[in-house]
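Student: Have a look at this one.
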Amino acid sequence: MKGLVKFCYRKIIDRNASSAWDKMVFEDTYKEYFMQAQQFDQLKQYNTFRELLEKEPKADRMHNLVSTAAIGYLRQLNGLIPEVTNTSGKLFLPFSNFRFELLQSHIKDKSQHKVVIYFYSDHMVWLDTIDRFMLLANSNQTEALEASEEVETELLEIVPNLSISSVKHIHSTVTY
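In case it helps, our numbering puts the sequence shown at residues 832 to 1007.
So this is what it looks like as structure tokens:
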């Protein structure tokens, strides 16, 4: 075992959203942005999120306030990071944490609305690297691996917007 790893997947959602899930997140976060922006700019002086951030110190709260529109959609994912699949095309990478960020938006031009959701995976056991793929097992399999028992594995290719967010070395006596 090489160690425990956590991944971060950066999912950008904008006017080019193609899946139904992405489109719903786009629409609902824009509606929420529109409502929240009116609270922060009651005089309607600012059109863009950037302008609002520069002029209204409390507007930084917009990230959290707008994220509430995405919570229900995140629950629909059943704890699996979207679009990150094993080599068989199956979603498998669990997440329990996320961070929502409002990248840009415009009160009068929905096409400028852009958000990003960072999905942080649970720990996975990094068993080995095979070419450009990582061989992984669920972190609840550590004891079985230590006992040289057979465990289910996943083969993951590092794709764009997927990074390793943390690594923890495990002292192991397991040899392959």
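Even glycine gets a Cβ: it sits at the ideal position worked out from N, Cα and C.
1. By how many angstroms is the C-alpha of Leu933 removed from the C-alpha of Phe950?
2. Spatial neighbours of Val856 within its chain, please: CB distance less than 7 Å, with the 5 preceding and 5 following residues excluded, ordered by chain position.
3. Assign Met866 to one of two classes, buried (16 or more other C-beta atoms within 10 Å of its C-beta) or exposed (fewer than that).
4. Name the one or two DSSP bridge partners that Gly834 has.
5. Between Lys842 and Pro925, how many whole angstroms is the CB-CB distance? I'm expecting something under 8 Å.
6. Any heavy atom of the ligand GTP closer than 6 Å to the CB of Gln972?
7. Between Arg846 and Ser936, is the Cβ-Cβ spacing less than 7 Å?
8. Considering only C-alpha positions, which residue in the set Glu980, Ala975, Asn971 and Glu981 is nearest to Val836?
9. At what residues does the alpha helix (DSSP H) containing Ser997 begin and finish?
10. Rounded to the nearest angstrom, how far is the Cβ of Met832 from that of Leu967, given a contact under 8 Å?
11. Taking Cβ positions, are Ala868 and Ile938 nearer each other than 7 Å?
12. Could you please give the first and the last residue of the uninterrupted alpha helix (DSSP H) stretch that includes Leu934?
13. In this structure, how does DSSP classify Thr1009 when only helix, strand and coil are distinguished?
14. What are the uninterrupted segments assigned as alpha helix (DSSP H) that are 4 or more residues long and contained completely in the region 875-950, given in chain order?
15. If Thr860 sits next to Val947, beta carbons under 8 Å apart, how far is it from one beta carbon to the other, in whole angstroms?
16. Taking just the CA atoms, how far does Ser997 sit from Ala848?
17. Go ahead and pull the three-state DSSP assignment for Asn971.
18. If you draw a straight line from the C-alpha of Gln876 to the C-alpha of Arg930, how long is it?
Tutor: Considering the structure as presented:
1. 15 Å
2. Ile844, Ala901 and Tyr904
3. exposed
4. Under DSSP, Gly834 forms a beta bridge with Trp957.
5. Incorrect: roughly 15 Å between the Cβ atoms, too far for contact.
6. Ligands displayed in this structure: none; no statement on the ligand GTP is therefore possible.
7. No. Outside cutoff.
8. Asn971
9. Segment Leu993 to Lys999 is the beta strand (DSSP E) holding Ser997; no alpha helix (DSSP H) there.
10. Incorrect: roughly 10 Å between the Cβ atoms, too far for contact.
11. yes
12. Here Leu934 belongs to no alpha helix (DSSP H); instead the beta strand (DSSP E) covers Phe926 to Gln935.
13. Since the displayed the chain opens at 832 and closes at 1007, residue 1009 lies outside it and no answer follows.
14. 880-886, 893-898 and 902-906
15. At roughly 11 Å, the Cβ-Cβ gap does not stay under 8 Å, so Thr860 and Val947 are not in contact.
16. 29 Å
17. helix
18. 29 Å
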